[in-house]
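Everything in the sequence shown is counted per my numbering, starting at 14 for the first residue and increasing by one.
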Amino acid sequence: MSKLEALQPNAALRGILPDALVTVVYVQWFGSEALELTYKTPAGKVANELLYRHDELRIEIVEQGRPWSFDGDGALFRLVSEAQRIRLAYLFDPVLAVHTSVVDPLPHQITAVYESMLPRQPLRFLLADDPGAGKTIMAGLLIKELIARGDLQRCLIVCPGGLAEQWQDELYRRFHLPFEILTNDKLEAARTGNWFLETNLVIARLDKLSRNEDVQQKLQAPDGRWDLVVCDEAHKMSATIFGGEIKYTKRYRLGQLLSTLTRHFLLMTATPHNGKEEDFQLFMALLDGDRFEGRFRDGVHVADVSDMMRRMVKESLLKFDGTPLFPERIAYTAPYKLSEVEAHLYKAVTDYVREEFNRAEALENDKRAGTVGFALTILQRRLASSPEAIYQSLRRRRERLESRLRKLEVLQRGGQAASVLAAGYPTLDTEDVDDLEDAPDNEVEAAEEEVLDQATAARSIVELQAEIETLKGLETLALSVRRSGADTKWRELASLLGEIFTTASVAHPAAEPDVPYGAGEIPPPTPSPHQKLVIFTEHRDTLNYLESRITTLLGRKQAVVLIHGGLGREERLKAQEAFKFDPEVQVLLATDAAGEGINLQRAHLMVNYDLPWNPNRLEQRFGRIHRIGQTEVCHLWNLVAEETREGDVYHKLLEKLEQARRALGGQVFDVLGKLQFEGQSLRDLLIQAIRYGDQPEVRARLATVLEHTLDRSHLQDLLEERVLAHDAMDASRVHRIREDMERADARRLQPHYIESFFQEAFQRLGGTAKQRELRRYEVIHVPAPVRHRDRLIGIGEPVLPRYERIAFEKSLVAPQGQPLG
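The structure is reproduced here in structure tokens:
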């Protein structure tokens, strides 16, 4: 900023032309508020411009002295020297990212970033710490540190769809890194035609990249290389070897592509090893294709991966004071018996599902048969969920098939009905079903509704009419159960609520539960109206049904909040914050939209109202409350229907898991996602139980499979695989890290130096800042030279004309009473 009076002939002036200095030739005043400036450009061209008082903010006279004359400004020299010292701060502060971020990292996070990853150049690494260990924090510290050292300008984060917004929120809130999420709108609106070239900090959904070849083409642009690519939940990129042949997936191919487009490549997953060494080495080939080249041969290709990965299990993680980071956790099975009318409905719907499965197998189109099978499993899961869920599902399916029938009857007159009947339904292959496991909850719900309402094994109009008549009977039966109020599953939950909350907060005290609390080594939770409880269900109909019943039971509508896939980002965050901080809110009802990416450690009690058919989901749900920051023992209740086919399988599974927990500790919950039942998934086992559970030999075989899979020695083997490349964190190591952090804190550039430099330099450039509270300032005006320099740099967030609050101490950034990390 320069005053108009300072403009004299031969002065060098900045701010007239956008990218060059001009020389003042002549100045003619018009009154005291305006003048006509005649100037010469670097090309020798003479031009005129009228300047007014408000233009003083954008113009600046550039001093040009003789070299080596020592007639410069001494105070300015000191400021420039201080600026250079600040620029080189990372050389003297080995943990600069920690001191410039809103986090208080833990010992294992510091060692991951500053001992395991930063020294590697280039970085090709697998970070495989347990769920809840804070891998997002580690990635953010790595990115921030690489930026501070000048090693990173372009970064791409690839994650499952449901986690993209959480990544964006965490990186901005804790590290002030403005990542943008890739969307179709942004791709289409790109000025250059390639949005990746215009954006340096990008978050992209895994399946958006893996399934869209056009997007992959844009990624491969010659000028589009990345400095760092981070892949979260990277085990989803794995390939498999079966019968000597490698089965590549689209996600694995994407991993291979990304590996070639970046200098630093970081994979993050809590489950890198599925129990097959050949699959694991194929996965590690994404990081180092040369080391894992060639066909795998058992006993011959044994590779040491300790220099490429780090794994820490929850049980070995400690705080700075040497105490365990995670509390204990325990799960209970809460069995209940169906009433007579419920049992009648269960048998009728299960018989329908079994018969439709058999008809689907007879279809010539395997893809259509698989889709019908998927629809039937959805129906069976909703049958187990609640009378409301099965009634609404049967009603919608019957209505959609009736609509389909009317269209077919019209087309029949033109002879087109047969071809339309065979081709007019949604179809999903195996990879599509797998992708749904990772899709956002609202997309899963939409896909399930479409398939459930339309997919049918009917091959003719007559068969479709017969199926609709069957559905009408089932719908009538489900409606009678719904109206009867005979919901034993709800009564079991009401009993648990009476046990968890005091009678003062529950309108109708429930009887003592029949659920044993194990061997007594961990006491049950103490009843209290101030406790927080998370209840998971799989279906929106059940969610709404439970909301009505629980609010009636507790006597207050505000005592319950919901999180499901239909909520927008702001609404979901609002519900989460209300559950954490509002003392009136006692219960969070959630679908699996809260199973990933939401931290709920404010609660230590959880109920699985519906049990997922994917054991990974069990692990993820429990991980929502068993996280960093949890101080209480975590308790989980699983509601299981006795004398049902899938209920018997789950009851046996949970019973064996509890036996294993007593012998091996809470870590058994972390291998749920790795369980393979003699080469089959839990989903396959449950389908077999539904279809053939009335056959004694099938029941015996299923019991044997469960017995072997959950045998103590087999689980012990899985736990040993889990500590592959295990990195221990003992008390002496924690003590050393604490000393290193204290030493770094003493050596770093202290905040008051930065504050002093800013105040003097900002004032010299024409800026205005005034103190609002102790050590907090309001920036009233950001001067033109600062904004001009920001435009020239062109990366990061733009500098604003003013700021309501700034601070130089990290402790002054977080709101009072809230932790940093």
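By construction, the Cβ of each residue, glycine as well, lies at the ideal position given by its N, Cα and C atoms. The model shown is predicted, which means the values in this text are computed figures rather than measured ones.
Nearest-angstrom Cα separation, counted from residue j out to residue i
i	j	result
Gly206	Asp198	12 angstroms
Leu484	Arg411	6 angstroms
Leu698	Leu715	7 angstroms
Glu76	Ala782	25 angstroms
Gln21	Thr36	10 angstroms
Ala524	Gln599	Since pLDDT at Ala524 reaches only 35, below the 50 mark, its modelled position is unreliable, and no value is offered.
His121	Ala759	21 angstroms
Leu274	Asp334	42 angstroms
Gly830	Asp117	With a pLDDT of 41 at Gly830, under the threshold of 50, the modelled position of that residue is not reliable, and the figure given next carries that caveat. Looking at the two C-alpha atoms, the distance is approximately 15 angstroms.
Leu184	Lys148	12 angstroms
Ile254	Val573	47 angstroms
Gln784	Ala234	48 angstroms
Ala491	Leu358	7 angstroms
Asp349	Thr550	According to the sequence shown, residue 349 is Tyr rather than Asp. Spanning the two alpha carbons is a distance of roughly 17 angstroms.
Leu458	Arg133	The question names Leu, but residue 458 is Glu in the sequence shown. If I take the Cα positions, the gap works out to 43 angstroms.
Leu566	Ser541	16 angstroms
Pro285	Gly87	59 angstroms
Ser45	Lys16	12 angstroms
Val718	Ile123	42 angstroms
Arg98	Gly257	59 angstroms
Glu645	Ser769	44 angstroms
Leu580	Arg395	21 angstroms
Arg802	Leu778	12 angstroms
Leu154	Arg615	25 angstroms
Ile10	Glu482	Past the edges of the chain, shown from 14 to 834, lies residue 10, and the structure says nothing about it.
Phe305	Glu290	12 angstroms
Residue from the options with nearest C-alpha to residue i
i	options	result
Arg712	Asp724, Thr657 and Gln763	Thr657
Ala7	Ala471, Ala507, Ala499 and Val318	There is simply no residue 7 to check, as the chain begins at 14 and stops at 834 in what is shown.
Ile343	Glu422, Met325, Pro537 and Thr363	Pro537
Arg704	Tyr365, Phe635, Tyr622 and Phe592	Tyr365
Leu670	Thr722, Ala141, Thr539 and Gly706	Thr722
Arg634	Val59, Leu602, Ala19 and Gln229	Leu602
Ile216	Leu89, Glu584 and Leu169	Leu169
Met7	Asp68, Ala25 and Leu63	Residue 7 cannot be examined here, being either before or after the span of the chain that is shown, 14 to 834.
Ile576	Glu560, Val464 and Arg569	Glu560
Own chain partners of residue i with C-beta closer than 7 angstroms, once the 5 adjacent residues on each side are dropped
i	result
Val826	Val115 and Ala820
Arg204	Glu211
Ser497	Val354
Tyr790	Ala782, Lys783, Gln784 and Ile819
Arg276	Pro135 and Asp240
Leu487	Ala361, Val362, Tyr365 and Leu407
Lys332	Leu119 and Leu338
Arg562	Trp503
Neighbourhood of residue i by C-beta distance below 6 angstroms, restricted to the same chain and skipping five residues each side
i	result
Leu280	Leu139, Cys244 and Ala247
Ser352	Ala499 and Thr501
Arg167	Asn213, Trp239 and Asp240
Leu219	Val171 and Pro173
Arg761	Asp106 and His112
Gly28	Arg71, Ile72 and Glu73
Ala774	Leu92
Lys231	Asn207 and Phe209
Asp623	Ser398, Thr550 and Glu551
Distance between beta carbons of residue j and residue i, contact taken as under 8 angstroms
i	j	result
Met151	Val126	6 angstroms
Phe192	Gln179	Not really, about 11 angstroms apart at Cβ, beyond 8 angstroms.
Ala702	Val662	5 angstroms
Phe278	Leu271	7 angstroms
Ala347	Glu512	Contact flag wrong, Cβ pair sits at about 10 angstroms.
Thr51	Leu30	The pair is not a contact, with the Cβ atoms about 14 angstroms apart (cut-off 8 angstroms).
Tyr558	Glu462	Between Glu462 and Tyr558 the Cβ distance is about 17 angstroms, and since that is not below 8 angstroms, they are no contact.
Sequence-distant residues of its chain with Cβ nearer than 8 angstroms to residue i (five each side left out)
i	result
Val795	Gly780, Val812, Leu813, Pro814, Arg815 and Tyr816
Tyr103	Leu109, Glu158, Ala161 and Arg162
Arg696	Thr390, Trp626 and Asn627
His664	Thr346, Pro348, Val653 and Glu655
With 16 other Cβ atoms within 10 Å as the buried cut-off, status of residue i
i	result
Glu226	exposed
His639	buried
Trp42	exposed
Ala298	buried
Leu667	buried
Gly636	buried
Gly533	Interpretation of Gly533 is limited by its pLDDT of 44, a score under 50 that renders its predicted location unreliable; no figure is taken from the coordinates.
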